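Residues 14 to 339 (the numbering used here) are what the sequence shown spells out, left to right.
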Amino acid sequence: MHQDITRRQALAFTTLAITGLPALAQQDFPNKPLRVIVPYAPGGGTDTIGRLMATKLGENLKATVVVENKPGAGGVIGNDMAAKAPADGHTILMAITVMVQHPALMPKLPYELLKDFQPLAVAARSADLLLVHRDVPANTVEEFVKLAKADPRTYALGSYGNGTSGHIHAAMLNQQAGLDLAIAHYKGAGPLMADLLGGQVKVGFLDSTTAAAQMGGGRVKVLGVTGARRSPLAPNAPTLTELGYKSFEPYGWFALFTQAGTPPAIVKKLSDELIAIVAQPEVRKRLEELGLLPGGEPVAEFAKEMRRDLDIWGRVIKEANIRIDQ
14 MHQDITRRQA
24 LAFTTLAITG
34 LPALAQQDFP
44 NKPLRVIVPY
54 APGGGTDTIG
64 RLMATKLGEN
74 LKATVVVENK
84 PGAGGVIGND
94 MAAKAPADGH
104 TILMAITVMV
114 QHPALMPKLP
124 YELLKDFQPL
134 AVAARSADLL
144 LVHRDVPANT
154 VEEFVKLAKA
164 DPRTYALGSY
174 GNGTSGHIHA
184 AMLNQQAGLD
194 LAIAHYKGAG
204 PLMADLLGGQ
214 VKVGFLDSTT
224 AAAQMGGGRV
234 KVLGVTGARR
244 SPLAPNAPTL
254 TELGYKSFEP
264 YGWFALFTQA
274 GTPPAIVKKL
284 SDELIAIVAQ
294 PEVRKRLEEL
304 GLLPGGEPVA
314 EFAKEMRRDL
324 DIWGRVIKEA
334 NIRIDQ
C-alpha cells in the first residue's frame with residue numbers, strides 16, 4: 014500500500030513537473046535582457062521598425078531590450094547569429110522578406126529557414142512601386158514597355174540592391190514584358206531614389222517606405238505596384254497583377270522571429286505581446302507614415318504566408334534565372 018502511494022506521488026510529481034514547465038517558463042520570462050538583432054545597418058527601414066518594436070516590447074514586459082545591428086552578406090550574418098542563439102526567447106530577429114528569397118539565391122546558407130526559426134509576428138508589409146522620372150513620356154506600364162522596347166539603352170531598370178526584391182521584380186518585368194533592359198543595382202533604396210529624382214536613372218522598383226517620403230514632389234510617376242491590392246501611396250496606379258503580370262502578389266514583410274525549439278509558452282508570450290504592440294494606434298500610425306501596411310495577424314497565418322512566399326519566390330527566381338551576382 015505504502016509503495017502504491019509512493020508511486021502515485023512520484024507519478025503526480027513527474028506529471029506536475031512536465032506540465033508545469035511551460036507555465037513556470039512563461040512566468041519567469043524574461044529573466045535577463047532581451048536583444049533584437051537587426052541584420053542591417055542603422056537608419057534603414059528594418060532598423061526603424063526593429064527599434065520601434067523593441068522599445069514597445071521593453072515597456073510591455075518591463076524589461077531591458079537592446080537592439081544590435083549586425084549587417085553583412087545581405088542579412089545572412091545577422092540571421093545566422095540569431096539562429097544559433099540559445100532557444101530561450103531572449104534573442105529576437107527583426108527580419109525581412111529576403112529570408113524566403115535567400116534559399117533560392119544562395120543555396121549554401123549556414124542555417125535552414127524552416128528548421129531553425131520560429132515566427133513570432135509580422136509587424137508590417139511593403140509593396141514595391143514601379144517609378145519613372147517625370148520626364149519619361151509614359152504614364153502607364155504599357156506605354157513604358159513600348160518605349161523601352163524601342164530604346165532599350167535609355168531605360169536601365171534600377172534596383173535597390175543585388176538579390177533584393179527590387180532586383181527580382183526588375184528581372185520578372187524584363188522576362189514577362191519581353192524586355193532586354195540592363196538592371197542597375199544600387200547599394201540601397203536611398204541612392205536609387207536620389208538618382209531617380211535627378212534623372213540619372215529613368216525607371217526603377219522602389220520599396221514603399223523609401224518612396225513615401227518623396228511622393229509629393231511630382232518628380233516621379235508611379236506606373237504600377239506589386240502586392241495583392243493597390244497601394245494607399247498611389248491609389249490610381251494598378252497592381253502588376255491587374256495588368257496581367259504573374260507572381261507579383263507577394264508583399265515584402267518585416268517580421269520577428271526567435272529560435273525553433275524555444276519553449277511554446279515563451280513563444281506564445283512573445284507572439285501575443287508583439288501582435289498587441291502592432292495593434293496599438295500610435296504604432297499603426299507610425300507604420301502607415303512609413304508607407305507600410307500594418308500587420309498583426311495570428312502567427313499561424315503568417316507562418317502559412319511565409320511558406321507560400323518561399324515557394325513563389327523560389328519558382329520566380331528559377332524561372333527568371335536570377336543569380337545573386339547578376
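Don't be surprised by glycine CBs; every beta carbon is placed ideally from N, CA and C.
Keep in mind it's a predicted model, so treat the numbers as computed, not measured.
Per DSSP, which residues does S139 bridge with? Please list them.
As a position in the sequence shown, residue 139 is number 126, starting the count at 1. Looking at the DSSP assignment, S139 forms a beta bridge with G265.
Where do the ends of the alpha helix (DSSP H) carrying S178 lie?
For this step, residue 178 is matched to residue 165 along the sequence shown. It spans 178-190 - the alpha helix (DSSP H) in which S178 sits, taken as one unbroken run.
Nearest to A241 (by Cα), restricted to the options S139, P294, E155, I109:
As a position in the sequence shown, residue 241 is number 228, starting the count at 1. Minimum Cα distance to A241 is reached at S139.
Taking its Cβ as the centre, do 16 or more other Cβ atoms sit within 10 Å of L127, making it buried, or is it exposed?
Translated into the one-based positions of the sequence shown, residue 127 becomes position 114. The residue is exposed, with fewer than 16 neighbouring Cβ atoms inside 10 Å.
Okay, do the segment 112-132 and the segment 203-216 touch, 3+ Cβ pairs below 8 Å being the bar?
no
With DSSP run on the structure shown, which of helix, strand or coil describes M119?
Counting from 1 along the sequence shown, the entry for residue 119 is found at position 106. Of the three classes helix, strand and coil, the one that applies to M119 here is coil, per DSSP.
In whole angstroms, what is the alpha-carbon distance linking A239 and V154?
By 1-based counting over the sequence shown, the position of residue 239 is 226. By 1-based counting over the sequence shown, the position of residue 154 is 141. Checking the sequence, you will find Thr at residue 239 rather than Ala. Answer to the nearest angstrom: the Cα atoms are 12 Å apart.
Could you check whether A136 and A268 sit closer than 8 Å to each other, using their CB atoms as the reference points?
Indexing the sequence shown from 1 puts residue 268 at position 255. Indexing the sequence shown from 1 puts residue 136 at position 123. In this structure, A136 lies closer than 8 Å to A268 by Cβ.
Using CA coordinates, which residue listed in E301, F42, W326 is at the minimum distance from V111?
Taking the first residue of the sequence shown as position 1, residue 111 is located at position 98. Closest option to V111, Cα to Cα, is W326.
Is it buried or exposed for N152, if we count other Cβ within 10 angstroms and need 16 for buried?
Within the sequence shown, residue 152 is the residue found at index 139, counting from 1. Label assigned to N152: exposed.
Enumerate in chain order the residues of its own chain whose CB-to-CB distance from A117 is below 7 Å, with the five nearest sequence positions on each side excluded.
As a first step, residue 117 is located in the sequence shown; it is residue number 104 there, counting from the start. Contacts found: W326, G327, I330, K331.
Within the continuous alpha helix (DSSP H) that includes A96, where are the two ends?
One-based indexing of the sequence shown puts residue 96 at position 83. First-last of the alpha helix (DSSP H) with A96: 89-96.
When the Cα atoms are used, what is the spatial distance from G230 to L210?
Walking along the sequence shown from the start, residue 230 turns up at place 217. Walking along the sequence shown from the start, residue 210 turns up at place 197. Near 9 Å, if we compare the C-alpha coordinates of L210 and G230.
For N82, which residues does DSSP report across the bridge?
For the purposes of this step, residue 82 is identified with residue 69 of the sequence shown, where counting begins at 1. Paired residue(s): V51.
Going by DSSP, what residue range makes up the alpha helix (DSSP H) through G237?
Translated into positions along the sequence shown, residue 237 becomes position 224. Unbroken run through G237 is the beta strand (DSSP E), 233-238; no alpha helix (DSSP H).
Own chain, CB closer than 6 Å to K69, minus 5 neighbours either side, in chain order:
The residue you call residue 69 lines up with position 56 of the sequence shown. Around K69: I290.
Can you list, in chain order, the residues of its chain with a C-beta nearer than 7 Å to that of T275? Leave out the 5 residues immediately preceding and following it.
One-based indexing of the sequence shown puts residue 275 at position 262. Excluding positions up to five away in sequence, the list reads A100, D101, G102, Q131.
Would you check if the distance between the CB atom of G217 and the CB atom of G171 is smaller than 8 Å?
If you number the sequence shown from 1, residue 217 lands on position 204. If you number the sequence shown from 1, residue 171 lands on position 158. It is a contact, given that the beta carbons lie within the stated cut-off.
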